[in-house]
Amino acid sequence: DTEVTQTPKHLVMGMTNKKSLKCEQHMGHRAMYWYKQKAKKPPELMFVYSYEKLSINESVPSRFSPECPNSSLLNLHLHALQPEDSALYLCASSQLALRTATNEKLFFGSGTQLSVL
Amino acid sequence: GQQVMQIPQYQHVQEGEDFTTYCNSSTTLSNIQWYKQRPGGHPVFLIQLVKSGEVKKQKRLTFQFGEAKKNSSLHITATQTTDVGTYFCAYSGSFQKLVFGTGTRLLVSP
Chain A
2 DTEVTQTPKH LVMGMTNKKS LKCEQHMGHR AMYWYKQKAK KPPELMFVYS
52 YEKLSINESV PSRFSPECPN SSLLNLHLHA LQPEDSALYL CASSQLALRT
102 ATNEKLFFGS GTQLSVL
Chain B
8 GQQVMQIPQY QHVQEGEDFT TYCNSSTTLS NIQWYKQRPG GHPVFLIQLV
58 KSGEVKKQKR LTFQFGEAKK NSSLHITATQ TTDVGTYFCA YSGSFQKLVF
108 GTGTRLLVSP
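Listed in order, the protein sequences are those of chains A and B.
Residue numbers for the first sequence, in this note's numbering: 2 to 118.
Residue numbers for the second sequence, in this note's numbering: 8 to 117.
Here is the structure:
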């Protein structure tokens, strides 16, 4: 199984709502990522989990709250979002890099297209 | 800080023509990866280059890593409509941090 599964595929929420994005992989990868992608722009890294621990937070606002309940699951909890947070949210996983300044290839899910009204 | 630019931003070719996208860095890169994202899709890994001057081929795709490890290129020979999408280079910003270049959007007309 070489898939990363993301749910839901589409989400519309109001600025006062609380919602969660979910991501699952069964490749035994111990690194998982959240990226945000605006239309016609590259993916921007938000968070990295290594061995279920948060290792990188790219100064993301606290209205985005990641969670890694186990080695297969990654969640992104959303609360009090702004319309400018509307984007495609991509989850990815990879093997852990063996050396610093290197990266293993990322396997991406198909993403959640989020609209904040 | 490190900056990686891709050129061109966009290219429209006729099917059968060749296409090249370039990834240029202001600093030395430890390695570089290339991804393809189809319209409405998600990035899919193509290749990783690690060594100075490395050249790798995948059918009609040729990937190069510059001698100084500051630039890389992806060349597609005889494009097909299935090559449509955005091609991103990506590099290690730090441990476990993969940063994507600005991307080149390719459109192929039949």
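A virtual CB, placed ideally from N, CA and C, is assigned to each residue, including glycine.
The structure presented is a predicted model; accordingly, all values stated were derived computationally and were not measured.
DSSP three-state assignment for residue i, whether helix, strand or coil
i: Glu68 (chain A); result: strand
i: Glu25 (chain A); result: strand
i: Glu24 (chain B); result: coil
i: Glu74 (chain B); result: coil
i: Glu105 (chain A); result: coil
i: Pro84 (chain A); result: helix
i: Thr88 (chain B); result: helix
i: Gln10 (chain B); result: coil
i: Phe95 (chain B); result: strand
i: His119 (chain A); result: This structure gives no information on residue 119 (chain A), because the portion of chain A shown stretches from 2 to 118.
i: Met168 (chain A); result: The structure shown does not extend to residue 168 (chain A), since chain A is modelled only from 2 through 118, so no value can be given for it.
i: Glu53 (chain A); result: coil
i: Lys39 (chain A); result: coil
Proximal residues of chain A, C-beta to C-beta of residue i below 9 Å
i: His19 (chain B); result: Going along chain A, no residue has its Cβ under 9 Å from His19 (chain B), so there is no contact; the nearest lies around 15 Å.
Assigned exposure category for residue i - 16 Cβ within 10 Å defines buried
i: Ser116 (chain A); result: exposed
i: Val11 (chain B); result: buried
i: Pro43 (chain A); result: buried
i: Lys37 (chain A); result: buried
i: His49 (chain B); result: buried
i: Pro46 (chain B); result: exposed
i: Ser33 (chain B); result: exposed
i: Ser118 (chain B); result: In the structure as shown, chain B starts at 8 and stops at 117, and residue 118 (chain B) therefore has no counterpart that could be examined.
i: Asn58 (chain A); result: exposed
i: Ser99 (chain B); result: buried
i: Ser37 (chain B); result: exposed
i: Met16 (chain A); result: exposed
i: Tyr94 (chain B); result: buried
i: Ser88 (chain A); result: Sequence inspection shows Ala at residue 88 (chain A); the Ser mentioned does not correspond to that position. Buried is the call here.
i: Ser95 (chain A); result: buried
Proximal chain B residues relative to residue i, where beta-carbon distance stays under 8 Å
i: Val61 (chain A); result: Ordered by position in chain B, no residue passes the 8 Å Cβ test against Val61 (chain A), which lies about 13 Å from the chain.
i: Lys106 (chain A); result: Gln40, Phe52, Gln55
Neighbouring residues, chain A, relative to residue i (Cβ below 7 Å)
i: Pro50 (chain B); result: Pro44, Phe109
Contacts of residue i in chain A (Cβ-Cβ under 8 Å)
i: Phe26 (chain B); result: Under the 8 Å cutoff, chain A gives no residues; its nearest Cβ is about 18 Å from Phe26 (chain B).
Where residue i meets chain B, residues with beta-carbon distance less than 7 Å
i: Ser51 (chain A); result: Gln103
i: Ser56 (chain A); result: Gln103
Check your understanding: Listed in chain order, which residues of the stretch 5-36 of chain A have Cβ atoms closer than 7 Å to some Cβ of chain D?
Key -> Looking for chain D here will not work: the only protein chains present are A and B.
Check your understanding: Name the residues in the stretch 100-112 of chain B whose C-beta lies less than 9 Å from a C-beta of chain A; which are they?
Key -> Gly100, Ser101, Phe102, Gln103, Lys104, Leu105, Val106, Phe107, Gly108, Thr109, Gly110, Arg112
**Study point:** Positions along the stretch 57-85 of chain B whose CB lies within less than 7 Å of some CB in chain A
**Key:** none
Review point. Which residues, in chain order, does the stretch 84-98 of chain A contribute to contact with chain B at a C-beta distance below 9 Å?
Key: Leu89, Leu91, Ala93, Ser95, Leu97, Ala98
**Study point:** Inside the stretch 17-66 of chain B only - beta strand (DSSP E) runs reaching at least 3 residues
**Key:** 17-21, 26-32, 39-44, 50-56, 62-65
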